[in-house]
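Enquirer: Using the UniProt record's numbering, the first residue of the sequence shown is number 1, and each one after it goes up by one.
The beta carbon of each residue, even a glycine, is placed where N, CA and C say it ideally should be.
Next up is a structure, given as structure tokens.
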Amino acid sequence: MSDNQNLLAEQRRALILDEVRRRGGVRVNELTRKLNVSDMTVRRDLDALARQGVVEKVHGGAVPVVDASSHEPGFEAKSSLEMSAKEAIAKAAAELVVPGSAIALSGGTTTFALAQHLLDVPDLTVVTNSVRVSDVFDSAQRRSSQGPHPHGAPGAATVVLTGGVRTPSDSLVGPVADRAIRNLHFDLLFLGVHGISVEAGLSTPNLAEAETNRRFVQSARRVVVVADHTKWGTVGLSSFAPIAEVDTLVTDSGMPQSAREEISEHLRELVIAGEPRPADDT
Numbered sequence: 001m002s003d004n005q006n007l008l009a010e011q012r013r014a015l016i017l018d019e020v021r022r023r024g025g026v027r028v029n030e031l032t033r034k035l036n037v038s039d040m041t042v043r044r045d046l047d048a049l050a051r052q053g054v055v056e057k058v059h060g061g062a063v064p065v066v067d068a069s070s071h072e073p074g075f076e077a078k079s080s081l082e083m084s085a086k087e088a089i090a091k092a093a094a095e096l097v098v099p100g101s102a103i104a105l106s107g108g109t110t111t112f113a114l115a116q117h118l119l120d121v122p123d124l125t126v127v128t129n130s131v132r133v134s135d136v137f138d139s140a141q142r143r144s145s146q147g148p149h150p151h152g153a154p155g156a157a158t159v160v161l162t163g164g165v166r167t168p169s170d171s172l173v174g175p176v177a178d179r180a181i182r183n184l185h186f187d188l189l190f191l192g193v194h195g196i197s198v199e200a201g202l203s204t205p206n207l208a209e210a211e212t213n214r215r216f217v218q219s220a221r222r223v224v225v226v227a228d229h230t231k232w233g234t235v236g237l238s239s240f241a242p243i244a245e246v247d248t249l250v251t252d253s254g255m256p257q258s259a260r261e262e263i264s265e266h267l268r269e270l271v272i273a274g275e276p277r278p279a280d281d282t
């Protein structure tokens with residue numbers, strides 16, 4: 001794999017993580033040969049993956065960290081992970097939005113990043129169960145009422161925040177949220193996920209959030225999952241939709257080629273942020 005010599009750090013780490021998960025563990029000397037990089041580079045990559053909590057370093061290598069499927073990190077903890085990837089995904093996903101659309105944004109740090117790219121899109125109606133997403137639009141509208149917007153007039157979206165019980169990731173879930181979503185219809189749903197895989201589909205560690213996300217999917221004409229490469233192969237406690245119900249996955253360039261090929265076999269559209277889309281896409 002001599003071509004990997006020039007891989008970006010995030011792409012190289014994604015390959016390492018894929019190898020760790022597939023084989024159940026790797027050794028440093030194996031990775032140096034496979035990736036054609038130095039021992040020190042591999043150890044730095046393993047340190048970075050260990051800080052993200054996705055691998056555990058052991059003598060001479062690393063093994064996967066298997067979190068409890070019901071463990072749900074808080075919003076701040078998730079915000080510090082894969083920041084550049086989430087920003088790239090948000091920018092690419094925003095290009096899918098047409099002015100005047102009715103869209104829904106689920107909870108999550110990637111949908112939070114996306115919301116900031118939607119502020120200048122005119123005449124949107126935004127339904128969300130994310131307190132953080134709602135705050136993005138509310139703050140922008142307060143600023144616009146106090147003076148000129150630095151990038152021109154903001155889109156002045158109509159925002160509907162569902163009620164519900166607040167989760168550690170600042171999403172509102174449960175019967176109140178479910179009832180609010182049930183009778184609505186969206187042109188486009190942007191869905192953040194804890195995990196996505198061919199076998200388990202879309203999943204979350206929170207049972208109530210799974211039901212609320214299920215309602216979102218049922219109410220959307222088009223379902224767009226926004227998820228960085230580390231979410232592929234992760235499985236939470238509760239599945240809420242099969243992968244066949246996803247129209248588009250927007251992810252980052254760290255997604256390994258083997259995973260891209262598997263995803264393309266099961267999804268209608270795969271968008272890699274920062275890379276050209278196929279010519280027949282519209």
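Looking at the unbroken beta strand (DSSP E) that takes in I243, where does it start and where does it end?
Expert: No beta strand (DSSP E) contains I243, which DSSP labels as neither H nor E.
Enquirer: Comparing C-alpha positions only, which one of D170, L237, D138 sits nearest to T158?
Expert: It is D138 whose Cα lies nearest to the Cα of T158.
Enquirer: Quick one: give me the first and last residue of the beta strand (DSSP E) that P64 is part of.
Expert: 61-64 is the extent of the beta strand (DSSP E) around P64.
Enquirer: Could you check whether D228 and T110 sit closer than 9 angstroms to each other, using their CB atoms as the reference points?
Expert: Going by C-beta atoms, T110 is nearer than 9 angstroms to D228.
Enquirer: Within its chain, find whatever has a CB closer than 6 angstroms to the CB of G108; leave out the 5 residues flanking it on each side and keep chain order.
Expert: Hits under 6 angstroms: G192.
Enquirer: Just mark D18 as buried or exposed, buried being the case when its beta carbon has 16 or more other beta carbons within 10 Å.
Expert: Buried: at least 16 other Cβ atoms inside 10 Å.
Enquirer: Could you give the DSSP three-state label for R268: helix, strand or coil?
Expert: Residue state, collapsed to three classes: coil.
Enquirer: Beta-carbon separation of G254 and G195 under 9 angstroms?
Expert: Taking 9 angstroms as the Cβ cut-off, G254 and G195 do not qualify as a contacting pair.
Enquirer: Helix, strand or coil: which one does DSSP assign to H151?
Expert: Residue placement at H151 is flagged as unreliable, the pLDDT there being 45, under the threshold of 50; the coordinate-derived value follows with that caveat. Coil, per DSSP.
Enquirer: At what residues does the beta strand (DSSP E) containing K91 begin and finish?
Expert: Here K91 belongs to no beta strand (DSSP E); instead the alpha helix (DSSP H) covers 83-94.
Enquirer: Have a look at I181 and V97 and give me their C-alpha separation to the nearest angstrom.
Expert: One C-alpha to the other measures close to 20 angstroms.
Enquirer: Go to K57, then tell me how far its beta strand (DSSP E) extends in each direction, as first and last residue.
Expert: 55-58 is the span of the beta strand (DSSP E), which, as asked, contains K57.
Enquirer: Could you tell me which of T204, R222, G163 sits nearest to A104, measuring between CA atoms?
Expert: Closest by alpha carbon: R222.
Enquirer: List, from N- to C-terminal side, the beta strand (DSSP E) runs of 3 residues or more that fit wholly inside the stretch 162-238.
Expert: Runs of the beta strand (DSSP E) inside the stretch 162-238: 188-191, 195-197, 201-204, 223-226.
Enquirer: Express the C-alpha separation of R21 and S70 in angstroms, rounding to a whole number.
Expert: For S70, the pLDDT reaches just 49, beneath the cut-off of 50, and the residue's location in the model is therefore unreliable, although a value from the coordinates is still provided. Those two C-alpha atoms are separated by around 19 angstroms.
Enquirer: Name the two residues that bound the continuous alpha helix (DSSP H) containing L114.
Expert: Unbroken alpha helix (DSSP H) run through L114: 109-117.
Enquirer: Name, in chain order, the residues that DSSP records as bridge partners for S130.
Expert: DSSP, once it has assigned bridges, lists S171 as partnering S130.
Enquirer: So, for A115: in the same chain, excluding its five sequence neighbours on each side, which residues have a beta-carbon less than 7 angstroms away from its beta-carbon?
Expert: Answer for A115: L105, V133, V136, F137, listed in chain order.
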